[in-house]
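Its first residue numbered 138, the sequence shown is counted upward by one per residue in our numbering.
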Amino acid sequence: MAATTEFIIILVHIFTFFVSTNAIRPTNFSSILIFGDSTVDTGNNNYILTLFKGNHYPYGRDFPGHVPTGRFSNGKFAADFIASFLNLKDTVPPFLEATLPDDELLSGVSFASAGSGYDELNTAPSGVISVSKQIEHFKSYVAKIKGIAGEDRARRILESAFVGINAGINDFAINFYDLPTRKVEFSIAEYQDFLLKKLQIYIKVWEKLLDDSSVMGF
Numbered sequence: 138m139a140a141t142t143e144f145i146i147i148l149v150h151i152f153t154f155f156v157s158t159n160a161i162r163p164t165n166f167s168s169i170l171i172f173g174d175s176t177v178d179t180g181n182n183n184y185i186l187t188l189f190k191g192n193h194y195p196y197g198r199d200f201p202g203h204v205p206t207g208r209f210s211n212g213k214f215a216a217d218f219i220a221s222f223l224n225l226k227d228t229v230p231p232f233l234e235a236t237l238p239d240d241e242l243l244s245g246v247s248f249a250s251a252g253s254g255y256d257e258l259n260t261a262p263s264g265v266i267s268v269s270k271q272i273e274h275f276k277s278y279v280a281k282i283k284g285i286a287g288e289d290r291a292r293r294i295l296e297s298a299f300v301g302i303n304a305g306i307n308d309f310a311i312n313f314y315d316l317p318t319r320k321v322e323f324s325i326a327e328y329q330d331f332l333l334k335k336l337q338i339y340i341k342v343w344e345k346l347l348d349d350s351s352v353m354g355f
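Okay, here's the thing in structure tokens:
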């Protein structure tokens, strides 16, 4: 049986659309899984060797407890508000936080990394986690929740997960404009197509991993 996971590009106006039109039902989702860049990194960069960190003030000044968490924001992210709207949790923790309790893992995490993108070329100098590497972390996550909940429950959780990704800004800012490596290879339209094809590949990989046989088989 194929997974029923919903793939969503996470943007504030999409979240508003969900709320105002009731386009999704909060009870339909068992967990939230987030991939992408600084707009959805809830603290993974705190645990890797990189200069791209949001674990200092003024970040977090309006977050619960008024503490910097690694979010590049003064408060919560759209992903946190979506998780709350879906009645899953108040905030989405980073996957790389080693002390996460079982219930936090089962209800969802963020794999995102500030500075990341679909194009692996922009992650090498900064040491951040590319989207393709985030998928590798997702495989580790699946193994963890299988160990916690068992294969049958893990399958059900994954099949009804809300999966969101937000990335692409760094690909253009770094690879096309600041360090125009890709600019010598592609026109702006061609680079857009290049990134869209990358995204299509990643979505197919997620779909395969979230399929019953794939999730239980790797």
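Heads up, the beta-carbon is just placed ideally off N, CA and C, and yes, glycines get one too.
DSSP three-state call for residue i: helix, strand or coil?
| i | result |
| --- | --- |
| residue 188 | coil |
| residue 209 | coil |
| residue 298 | strand |
| residue 244 | helix |
| residue 284 | helix |
| residue 170 | strand |
| residue 303 | strand |
How long is the line joining the alpha carbons of residue i and residue j, rounded to whole angstroms?
| i | j | result |
| --- | --- | --- |
| residue 142 | residue 223 | Summary for residue 142: the model assigns pLDDT 49, below 50, so the residue's position carries little reliability; its value from the coordinates is reported in the next sentence. Cα-Cα distance, rounded: 14 Å. |
| residue 260 | residue 313 | 14 Å |
| residue 170 | residue 257 | 21 Å |
| residue 328 | residue 336 | 12 Å |
| residue 242 | residue 203 | 24 Å |
| residue 322 | residue 330 | 13 Å |
| residue 159 | residue 334 | Residue placement at residue 159 cannot be trusted, given a pLDDT of 47 that sits under 50; what the coordinates show is reported in the next sentence. Going from the Cα of residue 159 to the Cα of residue 334 covers about 31 Å. |
| residue 274 | residue 266 | 10 Å |
| residue 288 | residue 319 | 43 Å |
| residue 216 | residue 276 | 21 Å |
| residue 189 | residue 286 | 34 Å |
| residue 324 | residue 310 | 14 Å |
| residue 345 | residue 332 | 20 Å |
| residue 326 | residue 299 | 30 Å |
| residue 199 | residue 227 | 14 Å |
| residue 221 | residue 272 | 24 Å |
Would you kindly check if the distance between the Cβ of residue j and the Cβ of residue i is under 8 Å?
| i | j | result |
| --- | --- | --- |
| residue 245 | residue 229 | yes |
| residue 187 | residue 284 | no |
| residue 255 | residue 305 | yes |
| residue 207 | residue 231 | yes |
| residue 303 | residue 176 | yes |
| residue 209 | residue 196 | yes |
| residue 297 | residue 172 | no |
| residue 191 | residue 205 | yes |
| residue 174 | residue 253 | yes |
| residue 168 | residue 225 | yes |
For residue i, which of the options has the nearest alpha-carbon?
| i | options | result |
| --- | --- | --- |
| residue 281 | 339, 236, 323, 336 | 236 |
| residue 343 | 219, 278, 286 | 278 |
| residue 316 | 216, 262, 199, 332 | 262 |
| residue 294 | 215, 205, 199, 347 | 347 |
| residue 218 | 253, 301, 288 | 301 |
| residue 240 | 326, 272, 291 | 291 |
| residue 178 | 198, 199, 214 | 214 |
Inter-stretch contact (C-beta, 8 Å, three-pair minimum) for the region 181-188 and the region 236-254: yes
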